[in-house]
Amino acid sequence: MKNILIISSSPRKKGNSQILCEQFKKGAEAKGHQVKIVRIMEQNIGFCRACDGCMRNGGTCVLKDDMAEILKMFQKADVLVLATPVYFYGISAQMKTFIDRTYPIWQHLGKKEVYYIISAGLGEDIIERSLGDLNGFVEHLEEYKIAGKIYATNVMDAGLVKNQSVFQKAYDMGYAI
Numbered sequence: 117m118k119n120i121l122i123i124s125s126s127p128r129k130k131g132n133s134q135i136l137c138e139q140f141k142k143g144a145e146a147k148g149h150q151v152k153i154v155r156i157m158e159q160n161i162g163f164c165r166a167c168d169g170c171m172r173n174g175g176t177c178v179l180k181d182d183m184a185e186i187l188k189m190f191q192k193a194d195v196l197v198l199a200t201p202v203y204f205y206g207i208s209a210q211m212k213t214f215i216d217r218t219y220p221i222w223q224h225l226g227k228k229e230v231y232y233i234i235s236a237g238l239g240e241d242i243i244e245r246s247l248g249d250l251n252g253f254v255e256h257l258e259e260y261k262i263a264g265k266i267y268a269t270n271v272m273d274a275g276l277v278k279n280q281s282v283f284q285k286a287y288d289m290g291y292a293i
């Protein structure tokens, strides 16, 4: 049994990447894994202040918000799922904030099996252009394997993924862990 952490950065509760996260979770739980979805929009997470206070005090951020608990879950996770919609050729602001706030533990991000769930209103070329921040973050893990990617393309309106093959693929990918 693996400990799976899904970081969902969709601002919409019923957005396409969020729906795919829930499908992934159902598949993984059906296989017996422990799964936690963290919806960044529902958390109290401030922006990194670049003060380096965390570097001076043993890796604890000076901001007292929900990120401290999320970092604990992150460090315990065997599997990390990063889910984001694409906005203006990039990841969501919520995902970027999450990535930036991992700075206190950036030298101890651990070993993870990684999955991407990405939705976009346009085609796969737009998704590929948006991966720089995600790939850069994952490359800072001590050891990683990108084990799967789900790209939901041409899904501007919330809920459209339910009618696409990626809906089942998300369940199947979670189940395959």
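Residue numbers for the sequence shown follow the numbering used here, beginning at 117 and rising by one. We put the CB at the ideal spot given by N, CA and C, even for glycine. In this text, all values refer to a predicted model and were calculated from it rather than measured experimentally.
Within the same chain, and ignoring the five residues on either side of residue 215 in sequence, the residues whose Cβ sits closer than 7 Å to its Cβ are 249 and 253. A Cβ-Cβ contact shorter than 7 Å links residue 151 with residue 120. Contact annotation: residue 235 and residue 268 have beta-carbon atoms nearer than 7 Å. For residue 184, no pairing in a beta bridge is given by DSSP.
Leaving aside the five residues that flank residue 138 on each side, none in its chain has a CB nearer than 6 Å to its CB.
If you check the CB distance, residue 229 and residue 195 come in under 7 Å. Every unbroken stretch of the alpha helix (DSSP H) spanning 4 or more residues and falling wholly within the region 188 to 223 is given here in chain order: 209 to 216. Per the Cβ contact rule, the region 171 to 185 is in contact with the region 219 to 226 (3 or more Cβ pairs under 8 Å). Nearest to residue 240 by C-alpha distance, out of 225, 142 and 206, is 206. Under the rule that a run must span 4 or more residues, the alpha helix (DSSP H) segments found entirely inside the region 248 to 292 read 248 to 254 and 281 to 291.
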